[in-house]
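Taken in order, these protein sequences are the chains called A and B.
Count along the first sequence from 1, then add 14; that gives the number in this note's numbering.
Count along the second sequence from 1, then add 8; that gives the number in this note's numbering.
Backbone N, C-alpha and C define an ideal beta-carbon position, used for all residues, glycine too.
Please read all numbers here as calculations on a predicted model, not as lab measurements.
What follows is a set of notes on a single structure, which appears directly below.
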Amino acid sequence: MVKVNNISRDDQAFTRDKSTEPFKQFYNPDQSIHRFEKPREYVRAINAAKMDDIHAKPFLDDLSGHMDTPQVIALHSKNMGYLLTGACDGEIKLWNVPSRRAVQSIKAHNSFVNGIVVDPEGEYFYSCGTDRYLKKWKLDTKTLEPEKSPVANYITDNGLLCMDHHYKQNLLVTAGDVITVWDTTRLIPTQSFDLQMLHTMETVFAVKYNKVECDIVAYCCRDRSVGLYDVRSGEVVRRLVMARKSNAVCWNPMQPFHFSLANEDSNAYTFDMRKLGDGPIMMHSGHTNAVMDIDYSPTGSEFVTGSYDKTIRIFKTDTTNYKSRELYHTRRMQRIFSVKFSSDSRFVFSGSDDHAVRIWKTNRSEPLRNMSIKEEKTLQYNKKLVERYKHMEEVRRIDQRRHVPKLVLKDAKILQDKREASDRRQRNQEKYAMKKGSKIEKPVAMKKHFLREEE
Amino acid sequence: MPRAVRSATTSKKPLRGDKNATVNSSASYTMQPLSEKDRETAERFLREDQEDKLEEKEFESKQKNVRNRFIKKTGAILDQVEQGFVYKKIQKNDLSVLEKYQRPTKKVDIYTQKRFQFNSKKRNRQENVRNAIFDDQDRAQAEIGLVQTEIIRDAVPLIATGIELDDSDVVTTTNQLTQEALLDSVDMNTRRKVFDIQLSQHSPYIMQFTQSGRYMLIAGRRGYLSSVRWRDFEMKSEVHTINESIRAIQWMMEDSMYAVAQSSLTYVYDENGVEIHRCIDFQKMNHLSYLPFHFLLVGANASAQVIYKDISLGENVATLQMDPITFMTQNPKNALMVLGHTNGTVSMVTPRDSSHKPVVSMFCHKAPVKQLAVDPTGNYLVTCGSDATVKVWDIRTYKCIESINTHQVQASAFSQKGMLALAHKNKVVVYQSCGALNKPYLTHYTPANIGSLSFCPFEDILGVGHTKGVSSVLIPGSGEPKFDSRMPNPYCDDKFIKDWNVRSLLDKLPFDSICLDDGAIGTSGTRETDYQYSSKVEVSDELKQELQQVGVVDKKNKKRVSSRDELRESLRAKDAEVKDKVGGDWWDQSEDALDRFSSLKKRKLAYDKNAKEQVRDAIERGQAEDEAKEFEDNVEVTGASLKELLGDDDGEVVRITKKKGYVEEYESEDDTQSESSESEASEDNEDVQSEDEQDIVDPFA
């Protein structure tokens, strides 16, 4: 008997009974059914990159109202919607970010406001200025009435250039010519450390408490040195000297050993505090002028820098890529003096010379509205596609295309030429030395900018 | 036999007893002018050479004649093969595409790289490991997302397809089974799928199934069109093209529209039979084809043009002017169009060729190509020529795998599972694969001449269009039993098709990404293996044989000869010539021409040494001056003595002269004497030898 095996499908097994039921799904990965799968995915990746480029609108809004350059930006420690900024004319403003309005504005100091810090409970905030005052203020977001007088104030011998709050205890550190630690409950200095003991009379203009090893403070000094000060022992633990001075320092909140410096030589450097002698772990370059401020995202995977070249850049810390991920600028934005990540890491705040505080999105094309699950998945898929085909010329070109201001391009060209010239000189010297039979030590490029570790 | 050659020294000074006699190292061996015997042999050689040359010339002229005749016969093809080696172009064309899509290789500047290096290698490694972990996390997240949204992976159980025969059967092969016998042993559901629609008014009829296998399009050549959902025979549309014959039909955009090449222009109808577009550029198209992922409608017309039309934009993307075209089909794997020509070649073209040159051109038949079919894997090509042969080609290596002589094939088709159907008059023969053409799987006779064959996707059905209508044939095991719900399938609804059309339009592949190696797009460079096989492209074996008969040699197989090789070869030839002329083992045979010089040097040194010693001996013995005088006048060094000196076994006699100037003198003076003395010398050889055993001459003194 002939036995015939042929395709004979029972329709019921392949179709749904009611229209409310989901479709029955079947799967066959055979290539002859899915033709051109790879090229189609590639085209999809290009489209995803294009869509990302089209939707890139990082600039959200600006908070205007200051009469001078906002030099300090501080976050509310409990409420994400509030922001404190201090300007060069001594004014402090409390902003309600969602409504973009200043809730309070206080004429706090007679000169520059150099530091604002909110205590971990979010009840008080402290400010210091070049007028030698350290002031404690009540932080009340509910009353719109401005409180004109501080809760407490203290006058010091020297001008205060920076400050930071301890993450667990009621301690405050301020610095100018002297690093001083304060007890915030009574607002009296508990210890002070004169840098004159170490080196010549120099001023400190950045201090930052470590968020995990809470008693360690990193500071930047005008004599190009960066040091780690242990509050418990009242000593400087480690010190390193850079080729140019550093403007700001910031600890990585997720990797407590790492901190990054905003340097005057247009680069940012990341150090491991255990191995300062080895030089920086990473040099982040891209800016064409001095980097003025730096701040880590709460996730620790990236940080934002503001520069004198009127641009903001976001760098990734979890890659080996030294280039910035993002470049933000507007035509009106002038030199940037302060940057800050929001505490949900979705936004970046910047204060610039044109008296405005600007709000930027961290991911340039991320929509702010609530998304459906489907939409979210699509975005995730697109992101993954771009990542997968990043090595392809077309995708990479679209993905990494940014509008760069002409001035920055020009400056970058000049810097590049300089670098090449020095490299060439180095090479020629080596060649000449080889001929003569002697050897000269090849300096690692990154170490040029880093001089030594002291102590 | 050693030939005795007289050697002479005409020096007037006595050699022996001369205390100042020294070995003159500057003296050298020189060849004497040719003797008459030698001259004769040389002349003979010359003559023979000339004769050889004459023969060669004749042979060449004969070949030329044959070749000219052949060229006349095969026309332009051979010209192409000889001049251009079209086959080579495959590489060039393909690489140009890759350049666009592959990552450019950058020169890595060590110094700039070093600038941003990590200080310690360990740190670098740590960093990399951390990156890898980050990636894995991302990947895991993405996968979770996929699981949430992705389809349920419900596998259809694999059904064994085909025909199984028992011992109890009357027939021994499946080929003997008729459709009636098959239909008896299948269920009702399958029996319903076999139909025979009898039409006559607009005959002959052609038909085509869609990619999903839901619809079929029936066209009468004399102007009739209808699209039918064949499962329940619901007619979707019916069109009569009045006064216009139909040349070709093609489904487009997954069931939603079809293109029809009518007597003058090509029209596009939607699913309801409404004419939605008239392609003015597509005039008198004989063949139509559609590339679903590139959204290209391709037509080949009577004036040998291949036109690509982007149907999403309505623009003509490329127009290629080719040789006269007899048939066109597409390679489903890489979307190349495969064209058959009247001159027996098959060419594969891409729309990005502005030079109108095919990417691949194969000489397949010695007669016009009638039918072409590419198998679903894209690896094999079946060509049917009007010389009644069917050939199977491996398109990866461009070699003929199989060839059979049958009748002229009028229609051919490949099924999803790789079954091949060929039609001749009213007979359809189905083979299980294109590699088994000697063993037909099923044979079926239709009531009339067949015009077209089309396998239904995802079904075991072969649609046949013939002069008396359209019918379907059951071919068990021909269709793909498992379908994918994400792609067009027999159970998808119209909404899915609409959605699919939009989605595939978003992922539309650019027309210039069509290239021979479909795997190259989306990768970061040429894969080495692929590059190798594309460089291996060859002229077909048959053609090669024919070309060899004519005298055209495959250039690739010829070994590359450097100037050094040539020199070496010529030296070897010269050596052989010298050996032949002189006869015997004048030089040690084991030695090569190249290292002869070194051995010569060695020998000379040995000779010098020997001579010196012997001269010294002779002086010691104090021979008489008279004897020395004899040597002055005429010295014959016999083979035996030389044998001693040179250590030669055969003891040939070598003519040794003192100085060149003397030799000339000797020549002019005693030309005749030398000949006579030669014979004398040969006779007196032994005597001289015995007499002058101890009388040694230093020829270099």
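Rounded to whole angstroms, the Cβ separation of B/G473 and B/S460 is 4 Å, and the two are in contact under 8 Å.
With fewer than three CB-CB distances shorter than 8 Å, the segment 129-136 of chain A does not count as touching the segment 388-399 of chain A. For A/T334, the secondary structure class from DSSP, reduced to helix, strand or coil, is coil. Secondary structure at A/P84: strand, using DSSP grouped into helix, strand and coil.
At the C-beta level, B/V346 and B/M330 stay beyond 7 Å of one another.
For A/Q85, no chain B residue has a Cβ inside 7 Å of its Cβ, as the nearest lies near 32 Å away. Looking from the CA of A/D286, the closest CA among A/F273, A/H298 and A/M297 belongs to A/F273. At least one beta carbon of chain A lies nearer than 7 Å to the beta carbon of B/G487.
Where A/K38 is concerned, there is no enclosing beta strand (DSSP E), because DSSP gives it neither an H nor an E. By the criterion of at least three beta-carbon pairs nearer than 8 Å, the segment 450-459 of chain B is not in contact with the segment 396-408 of chain B.
For B/F519, the nearest beta carbon of chain A is not closer than 7 Å to its own beta carbon. For A/T29, the chain B residues whose Cβ falls inside 8 Å of its Cβ are Y499, in order along the chain. Counting only the Cα atoms, B/A419 lies some 17 Å from B/T350.
Counting only the Cα atoms, B/Y277 lies some 58 Å from A/L421. Proximity to A/L423 across A/R115, A/P72 and A/N303 peaks at A/N303, based on C-alpha coordinates.
Assignment of B/Y499 by DSSP, reduced to helix, strand and coil, places it in the coil class. Under a criterion of Cβ atoms nearer than 9 Å, the residues of chain B adjacent to A/H48 are, in order, D492, R494 and M495. Proximity of the segment 39-52 of chain A to the segment 338-350 of chain A falls short of the contact definition, fewer than three beta-carbon pairs being nearer than 8 Å.
Here the segment 250-268 of chain A makes contact with the segment 277-285 of chain A; the two share three or more CB pairs at distances below 8 Å. Chain A has no Cβ within less than 7 Å of the Cβ of B/E188.
Residue range Q187 to D192 is occupied by the alpha helix (DSSP H) that includes B/L190. Distances from the alpha-carbon of A/C234 to those of A/R246, A/Q430, A/C228 and A/V250 put A/V250 closest. Ranking A/L254, A/E227, A/T29 and A/K152 by CA distance to the CA of A/R236 puts A/L254 first. Residues of the same chain with a CB within less than 6 Å of the CB of B/H285, apart from the 5 flanking positions on each side, are V276 in chain order. C-alpha of B/K65 to C-alpha of B/R75: approximately 15 Å in a straight line. Annotation for A/M448: the continuous alpha helix (DSSP H) segment containing it runs K420 to K450.
Nearest to A/L175 by C-alpha distance, out of A/N128, A/L148, A/T199 and A/L153, is A/N128. Assigned with DSSP and collapsed to three states, A/Q26 falls in helix. Taking a C-beta cut-off of 7 Å against chain A, none of the residues of the segment 431-465 of chain B qualify. Shortest Cα-Cα distance from B/S43 to any of B/K589, B/R611, B/E279 and B/R77 involves B/K589. Note that the C-beta distance between A/V195 and A/Q205 is below 7 Å. Straight across, the Cα-Cα distance linking A/F139 with A/T34 is about 59 Å. Below the 7 Å Cβ cutoff, chain B contributes no neighbours of A/R349, its closest Cβ being approximately 26 Å away.
With a contact defined as Cβ atoms closer than 8 Å, B/Q270 and B/I250 miss out at about 10 Å. For a cut-off of 8 Å, the C-beta gap from A/C264 to A/F317 is around 7 Å, short enough to register as a contact. Counting C-beta pairs closer than 8 Å gives fewer than three between the segment 217-232 of chain A and the segment 437-447 of chain A, which falls short of the contact rule.
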